[in-house]
Amino acid sequence: MALARITLALFAAGVRGQLQYRMNFVIWAAVGIVFQLTGFFFLWALLARFRSIAGWSLEEIAFLYGLRLLGHALTVFFLGGTQLVDWLVREGAFDRYLVRPVPLLLMVVTWFRPSAVGDLLGGIVLFAAASRVVPLDLSLPAVAYLGLAVLGATLIEGGLRLAIAAMAFRFLQTHGILWFVDTIFNNFGNLPLRIFGSAVELLLTFVLPVAFVAYLPASVLLGRTSELTIQPAIAYAAPLVGVIVFGLAYLLWHHELPRYQSSGH
Amino acid sequence: MTLAGFPAMWQFARMEAQTFLTYRVNLGLQLLGILLQVYLLKVVWTAVYEGRTEVDGIALGTLIAYLTLANLQVWAIYPQTAEVLPPRIQSGAIALDLARPIGLLVQLIWRSVGATLGLVALVVVALPLAAVLGSLRPPASPEAASLYVISLLLGYGITLAIGILLGLVAFWTLETHGITILYHFVNQFFAGALVPLWFFPDWLRTVAELLPFQTQAFLPLSIYFGRLVGTDALRAIGVQVVWLVILWLAAGLVWRAAIHRVVIQGG
Numbered sequence: 027m028a029l030a031r032i033t034l035a036l037f038a039a040g041v042r043g044q045l046q047y048r049m050n051f052v053i054w055a056a057v058g059i060v061f062q063l064t065g066f067f068f069l070w071a072l073l074a075r076f077r078s079i080a081g082w083s084l085e086e087i088a089f090l091y092g093l094r095l096l097g098h099a100l101t102v103f104f105l106g107g108t109q110l111v112d113w114l115v116r117e118g119a120f121d122r123y124l125v126r127p128v129p130l131l132l133m134v135v136t137w138f139r140p141s142a143v144g145d146l147l148g149g150i151v152l153f154a155a156a157s158r159v160v161p162l163d164l165s166l167p168a169v170a171y172l173g174l175a176v177l178g179a180t181l182i183e184g185g186l187r188l189a190i191a192a193m194a195f196r197f198l199q200t201h202g203i204l205w206f207v208d209t210i211f212n213n214f215g216n217l218p219l220r221i222f223g224s225a226v227e228l229l230l231t232f233v234l235p236v237a238f239v240a241y242l243p244a245s246v247l248l249g250r251t252s253e254l255t256i257q258p259a260i261a262y263a264a265p266l267v268g269v270i271v272f273g274l275a276y277l278l279w280h281h282e283l284p285r286y287q288s289s290g291h
Numbered sequence: 043m044t045l046a047g048f049p050a051m052w053q054f055a056r057m058e059a060q061t062f063l064t065y066r067v068n069l070g071l072q073l074l075g076i077l078l079q080v081y082l083l084k085v086v087w088t089a090v091y092e093g094r095t096e097v098d099g100i101a102l103g104t105l106i107a108y109l110t111l112a113n114l115q116v117w118a119i120y121p122q123t124a125e126v127l128p129p130r131i132q133s134g135a136i137a138l139d140l141a142r143p144i145g146l147l148v149q150l151i152w153r154s155v156g157a158t159l160g161l162v163a164l165v166v167v168a169l170p171l172a173a174v175l176g177s178l179r180p181p182a183s184p185e186a187a188s189l190y191v192i193s194l195l196l197g198y199g200i201t202l203a204i205g206i207l208l209g210l211v212a213f214w215t216l217e218t219h220g221i222t223i224l225y226h227f228v229n230q231f232f233a234g235a236l237v238p239l240w241f242f243p244d245w246l247r248t249v250a251e252l253l254p255f256q257t258q259a260f261l262p263l264s265i266y267f268g269r270l271v272g273t274d275a276l277r278a279i280g281v282q283v284v285w286l287v288i289l290w291l292a293a294g295l296v297w298r299a300a301i302h303r304v305v306i307q308g309g
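From first to last, the protein sequence lines are chains P and H.
Residue numbers for the first sequence, in our numbering: 27 to 291.
Residue numbers for the second sequence, in our numbering: 43 to 309.
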């Protein structure tokens, strides 16, 4: 209970902190939306001229995109603070976190980022709109699977961000690798991966688990599992992959944490 | 610019290029991200071409070479001034910059040039990889090549003005990461780095042609690939000149307003 109160207080403090730069807050929220819009705009502009991508219509692509976006938005919303870790480590500001009587990770992740508002809005709108136009199975198991898939997507992306944050104790500067992973997720995450051929599809399934974020769950929900390179059963297990990735990231975080060297103090 | 001032400015450019390249691992990863996007665009566009060699008179090979160059170009000429100014305003280091015997705008321009030269060097190193992940083609003709260089330089002049405008926003908002990222995405789309303006729906193309972003990739590369020749190419360059003048006038005006708002933090 006390922990919930602390979480809330930290989160509120984060929001208030960001509101100090009001104009910037509004701009960042807009960034979230525009960022998502340019990605979708690209596919929309493409499909306005060309009918489909590997048999996926604009509506189906929109559903896939919306699913991926929702997971991403929740990641940024609840785990966005992980991206500040390398900066905190370099500045030595991480010291302050270590001496506080609150779970360390909680303080790290509750650093609120205004772009999360835009991400979340964009995600919800696109997902809601897409869900209406594609023929969607609304039975209880299907809806439950959808919910778990979104949660799994959040854990996969959040887990990778946590793992990258953990690397900051060793490498100090992790902005580049975060940017790289983000780029892959943002670019590949919302496309029918079969267009890349089976080698890349497998790479993005088993090496960097992008496929589990949206492509595989969307294939399940749109009844497209027959075109997958992998066994459909693996696609159904997508939410579980989230738990595994996040669990491993959490272990890595604890493994790397003792490496922290306070700098400049 | 006096001749005596030139070495000092060149120092700014060199300094910035060096500072910039200190983070070359990061930049290398960024560039890898760009190349990845190029590869991705190649795959997506190949998928929508569905085996056709040509759509609307645009061969798939030309299109992919266009997208490769467009993405590298947009990355290399990114308005660095937008990144240089805000931290200096936040930290108060701007006071030092303003006290220097060379005007702040001139310092900014040279810092930008330095950073861009660093990026261009990286792009040149990465060209073989770009050829593999995307595709490279020579200019359509010697005329196309020379007009492309002019067009690219004009595009860079426009970038500098935009970068100054974006950086100056910090005098009002202090923090500007949001607006620069916003710029990045809007520019990328309307510059034609994802979909060339040829394939835009008509209304969107009209919008894109009213914005300055097409000067960053679409116009120079349309010239490069011989899609704009003769008077059409010259007209495109004319459009760039008009934007150059408008944006530099705007940058000058905003600069004058900004200088009255200087708040030195902690000083």
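No residue lacks a Cβ here, since even glycine has one placed at the ideal position from N, Cα and C.
C-beta atoms of H/T201 and H/I119 nearer than 8 angstroms: The residue you call residue 201 of chain H lines up with position 159 of the second sequence. The residue you call residue 119 of chain H lines up with position 77 of the second sequence. Yes, the pair counts as a contact, with Cβ atoms nearer than the cut-off.
7 angstroms Cβ cut-off: residues of chain P touching H/I38: Residue coverage of chain H in this structure runs from 43 to 309, which leaves residue 38 of chain H outside it and unanswerable.
7 angstroms CB neighbourhood of P/I210 in its chain, flanking five on each side removed: As a working note, residue 210 of chain P is residue 184 in the first sequence. Excluding sequence neighbours, P/I210 sits near L234 and V236.
Closer than 8 angstroms to chain B by CB, P/Y47: No chain B is part of this structure, whose protein chains are labelled P and H.
Proximity of H/I76 and H/L105 at Cβ, strictly below 8 angstroms: The count along the second sequence starts at 1 and reaches residue 76 of chain H at position 34. The count along the second sequence starts at 1 and reaches residue 105 of chain H at position 63. The answer is no: Cβ separation not under 8 angstroms.
P/R187 vs P/T108 beta-carbon contact at 8 angstroms: Taking the first sequence and counting its residues from 1, the one referred to as residue 187 of chain P is at position 161. Taking the first sequence and counting its residues from 1, the one referred to as residue 108 of chain P is at position 82. Cβ atoms of P/R187 and P/T108: closer than 8 angstroms.
Candidates P/A194, P/A263 and P/A99, of which the one nearest P/S115 by Cα: If you number the first sequence from 1, residue 115 of chain P lands on position 89. One detail in the question is off: residue 115 of chain P reads as Val in this sequence, not Ser. Residue nearest to P/V115 within the set P/A194, P/A263 and P/A99 is P/A194 (criterion: CA-CA distance).
N- and C-terminal bounds of the alpha helix (DSSP H) containing H/P262: Walking along the second sequence from the start, residue 262 of chain H turns up at place 220. Note, H/P262: alpha helix (DSSP H), F260 to Y266.
H/D98 - containing alpha helix (DSSP H), residue span: Translated into positions along the second sequence, residue 98 of chain H becomes position 56. No alpha helix (DSSP H) contains H/D98, which DSSP labels as neither H nor E.
Burial state of P/H280 (16 or more Cβ within 10 Å): To locate residue 280 of chain P, count along the first sequence from 1; it is residue 254. The residue in question, P/H280, is exposed, as its Cβ has fewer than 16 Cβ neighbours within 10 Å.
H/N68: contacting residues in chain P (beta-carbon distance under 7 angstroms): Position 26 of the second sequence, counted from the start, is the residue given in the question as residue 68 of chain H. Correct list: Q199, H201 and G202.
H/G309 to H/A137 span [Cα, whole Å]: By one-based count along the second sequence, residue 309 of chain H stands at place 267. By one-based count along the second sequence, residue 137 of chain H stands at place 95. For H/G309, the predicted model reports a pLDDT of 47, less than 50, meaning its position is unreliable and no value from the coordinates is stated.
Residue of P/F214, P/L230, P/L248 and P/V267 minimising C-alpha distance to H/Q79: As a working note, residue 79 of chain H is residue 37 in the second sequence. The shortest C-alpha separation from H/Q79 is found at P/F214.
Burial state of H/Q53, where buried means 16 or more other Cβ atoms lie within 10 Å: Looking up residue 53 of chain H in the second sequence gives position 11. H/Q53 comes out exposed.
Contact under 8 angstroms by Cβ, P/Q44 with P/F37: Within the first sequence, residue 44 of chain P is the residue found at index 18, counting from 1. Within the first sequence, residue 37 of chain P is the residue found at index 11, counting from 1. No.
Contact list for P/I190 against chain H, beta-carbon separation under 8 angstroms: Stepping through the first sequence from its first residue, residue 190 of chain P is reached at position 164. Result: empty, since nearest Cβ-Cβ is about 12 angstroms, beyond 8 angstroms.
When H/L73, H/Y81 and H/T95 are compared against H/S177, the one with the closest alpha-carbon: Walking along the second sequence from the start, residue 177 of chain H turns up at place 135. Checking every option, the nearest Cα to that of H/S177 belongs to H/Y81.
H/E92 burial status per 10 Å Cβ neighbour count (16 or more: buried): Looking up residue 92 of chain H in the second sequence gives position 50. Around the C-beta of H/E92, fewer than 16 other C-beta atoms lie within 10 Å, and the residue is accordingly described as exposed.
Within chain H, the residues that P/F76 reaches when beta carbons sit closer than 7 angstroms: Counted from its first residue, the first sequence places residue 76 of chain P at position 50. Simply V90.
Coarse secondary structure for P/I79, derived from DSSP in three states: Position 53 of the first sequence, counted from the first residue, corresponds to residue 79 of chain P. Reduced to three states, the DSSP call for P/I79 is strand.
Cutoff 8 angstroms: H/V228 Cβ touching any chain P Cβ: As a working note, residue 228 of chain H is residue 186 in the second sequence. Taking Cβ atoms only, chain P reaches closer than 8 angstroms to H/V228, which makes this a yes.
Entirely enclosed alpha helix (DSSP H) segments - the stretch 46 to 104 of chain P, minimum 4 residues: The qualifying runs are 48 to 75.
H/V237 beta carbon less than 8 angstroms from that of P/A71: Here the question's residue 71 of chain P lines up with position 45 in the first sequence. Here the question's residue 237 of chain H lines up with position 195 in the second sequence. In this structure, the beta-carbon distance from P/A71 to H/V237 falls below 8 angstroms.
Per-residue burial, P/L198 [other beta carbons within 10 Å of its own, 16 or more giving buried]: Within the first sequence, numbered from 1, the residue matching residue 198 of chain P stands at position 172. Within 10 angstroms of the beta-carbon of P/L198 lie fewer than 16 other beta-carbons, which makes it exposed.
Cβ of P/A56 within 8 angstroms of any chain H Cβ: Along the first sequence, read from residue 1 onward, the residue named residue 56 of chain P stands at position 30. Closer than 8 angstroms to some Cβ of chain H, the Cβ of P/A56 qualifies, so yes.
C-beta contact flag for P/V269 and P/L181 at 8 angstroms: Locating residue 269 of chain P in the first sequence gives position 243, counting from the first residue. Locating residue 181 of chain P in the first sequence gives position 155, counting from the first residue. Yes, the Cβ-Cβ distance between P/V269 and P/L181 is below 8 angstroms.
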